[in-house]
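In terms of this note's numbering, the sequence shown opens at residue 29 and continues consecutively.
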Amino acid sequence: MSPIYVRPEREQAEHDRLIRFLQQSKYKDYDVVANPGDEQNGSVRIAATTHYPDLVLNSDRKPVGIVEIETAASVNNLEAMFKWVPFSRARVPFYLYVPVQGYDVALRLAEAHQVKPAEIWTYRPAAESFDLVRMYVDESILARAAAPERATKSAKKAAKPAKAAKASKAARPAKAAKAPAAKSATTRSAGRAAARTAAGKTAKKTTAKKPTKAAGAAAGRSSTRKATGRSAVATTARRRTAAKTAAKATRSTKKGSSARTRR
């Protein structure tokens, strides 16, 4: 709440609702400290005086913006003198929010007191939110404010390759440690290939030996058959010889009996 102007309860409620809306939506990327009502949660020091604007925008624990919200009745000469002037002299951008109907008055007051806001926005309640329109912007102020942020980002980007290089150097021993594992894997694969080759040779030898055994068996059978044939021939010859001998003996017996008969 402004120490210069005490707002009616209805205006103060709308004022605080806009503070919460900006904190949760428009400036959600910042570390925002809000001072609704009589609260003094965040401050900025300008010259030798400590001020408590409606919103203090912080980034990396440093103020980067000041937001002041005015209602219809608080857009006046005293507010411009005691709040807008010091806020515009701060080292960070000053953002001013006024109702739609108070924009022309706010612009005249800013020119009269040489207030240099970075932006002037108008607002209008719309259901549960607000319609915001940027009516004025000073690009030079925003450019000066963005320069340190760009330098910080570039420094961070420049620091990232160094970190990546350190990480790669730290990762090299891991690659060296992986080399023995690769060698062992190669040795294993070579051993497996040798085992397969030996198995193939053994199979070939076994296959080559099998026909030899079969040939031996066939030769044995043929020799057996030959021996059987020879024995059969010998047996037949013996039988024939025995038959001839028996025939001769019969003949001689008959001759002897006939000779005896003649006598």
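For glycine and all other residues, C-beta sits at the position ideal for the given N, C-alpha and C.
query: What does Thr77 pair with, by DSSP beta-bridge criteria?
result: Start at 1 with the first residue of the sequence shown, and residue 77 comes out as number 49. Paired residue(s): Ile74.
task: Look at the alpha carbon of Ala134 and the alpha carbon of Val113, and state the distance between them as a whole number of angstroms.
output: To locate residue 134, count along the sequence shown from 1; it is residue 106. To locate residue 113, count along the sequence shown from 1; it is residue 85. Looking at the two C-alpha atoms, the distance is approximately 12 Å.
field: Span of the beta strand (DSSP E), counted from its first residue to its last, around Asp66
entry: For the purposes of this step, residue 66 is taken as the residue at position 38 of the sequence shown. Premise fails: Asp66 is in no beta strand (DSSP E) and is neither H nor E.
- request: Leaving aside the five residues before and after Ser157 along the sequence, list all residues of the same chain whose C-beta is less than 7 Å from its C-beta, in chain order.
  value: Position 129 of the sequence shown, counted from the first residue, corresponds to residue 157. Excluding positions up to five away in sequence, the list reads Phe49.
- request: Pull up the distance between the alpha-carbon of Pro64 and that of Ser87, whole angstroms please.
  value: The count along the sequence shown starts at 1 and reaches residue 64 at position 36. The count along the sequence shown starts at 1 and reaches residue 87 at position 59. Approximately 20 Å between the Cα atoms of the pair.
- prompt: From this set, Ala265, Ile97, Asp66 and Thr263, which residue's C-alpha is nearest Leu46's C-alpha?
  reply: Here residue 46 refers to the residue found at position 18 of the sequence shown. Nearest option by C-alpha distance: Ile97.
field: Through-space distance from Lys272 to Ala265, alpha-carbon basis
entry: Along the sequence shown, one-based indexing puts residue 265 at 237. Along the sequence shown, one-based indexing puts residue 272 at 244. Taking the straight line joining both Cα atoms gives about 11 Å.
task: Quick one: using the 10 Å Cβ neighbour count with 16 as the cut-off for buried, is Ala41 buried or exposed?
output: Here residue 41 is taken as the residue at index 13 of the sequence shown, counted from 1. The residue is exposed, with fewer than 16 neighbouring Cβ atoms inside 10 Å.
message: According to DSSP, simplified to helix, strand and coil, what is Arg279?
response: Along the sequence shown, one-based indexing puts residue 279 at 251. Arg279: helix per DSSP, three-state reduction.
query: According to DSSP, is Pro121 helix, strand or coil?
result: Position 93 of the sequence shown, counting from 1, holds the residue named residue 121. Looking at Pro121 - three-state DSSP - the assignment turns out to be coil, as it is neither helix nor strand.
query: Taking all protein chains shown into account, do 16 or more other C-beta atoms lie within 10 angstroms of the C-beta of Thr150, making it buried, or fewer, making it exposed?
result: Counting from 1 along the sequence shown, the entry for residue 150 is found at position 122. So Thr150 ends up on the buried side.
- prompt: Which one of Gly93, Asn104 and Asp132 has the shortest CA to CA distance from Val60?
  reply: As a working note, residue 60 is residue 32 in the sequence shown. The shortest Cα separation from Val60 among Gly93, Asn104 and Asp132 belongs to Gly93.
- prompt: Per DSSP, what kind of secondary structure is Ala274 in: helix, strand or coil?
  reply: Numbered from 1 along the sequence shown, position 246 holds the residue referred to as residue 274. Helix at Ala274.
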